[in-house]
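Below: the structure, in structure tokens.
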Amino acid sequence: MDIYLLLFLIIIFAGSIISYIYYLNDKTSQLNIIQKGICPSCKEPTIEMSDQRGAGCGPKLVTFECNSCGYENSFSINKGSCGV
Ligand SMILES: [Zn+2]
4 MDIYLLLFLI IIFAGSIISY IYYLNDKTSQ LNIIQKGICP SCKEPTIEMS DQRGAGCGPK
64 LVTFECNSCG YENSFSINKG SCGV
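This note's numbering numbers the first residue of the sequence shown as 4 and each following residue consecutively.
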């Protein structure tokens, strides 16, 4: 394999990992804001939980919606304890 092609693939691979980490960090900071009841988009305290999926153990998928600007986002929240 051409060394330059290999180098190119490594750069692409590293770049996608970095953007994925940035994406996750962004999601986490948005969730932190939402859990205070504030919309990350318009900064109004009008965020509401609109949907919640997943019962029992494991992560649950929670959807939040803003009544002011229409912001909507889903988060998978890992529950700390498993009630067995
Ligand atoms: Zn909003």
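Glycine included, C-beta positions come from ideal geometry on N, C-alpha and C. Predicted, not measured: the structure shown is a model, and the values here were computed from it.
Coil, strand or helix - residue i by DSSP
| i | result |
| --- | --- |
| Asn70 | coil |
| Ile80 | strand |
| Ser44 | coil |
| Lys30 | helix |
Ligand 1 heavy atom lying under 7 Å from the CB of residue i
| i | result |
| --- | --- |
| Glu75 | no |
| Glu47 | yes |
| Cys60 | no |
| Ser44 | yes |
| Ser32 | no |
| Ser71 | yes |
Residue i, enclosing beta strand (DSSP E) - first and last residue
| i | result |
| --- | --- |
| Asp54 | 50 to 56 |
With three or more C-beta pairs closer than 8 Å as the rule, is the segment 63 to 82 touching the segment 23 to 39?
Yes: the two stretches touch, three or more of their Cβ pairs being nearer than 8 Å.
Is the number of C-beta pairs between the segment 63 to 70 and the segment 33 to 52 that are closer than 8 Å three or more?
Judged by Cβ distances under 8 Å, the segment 63 to 70 makes contact with the segment 33 to 52, as three or more pairs qualify.
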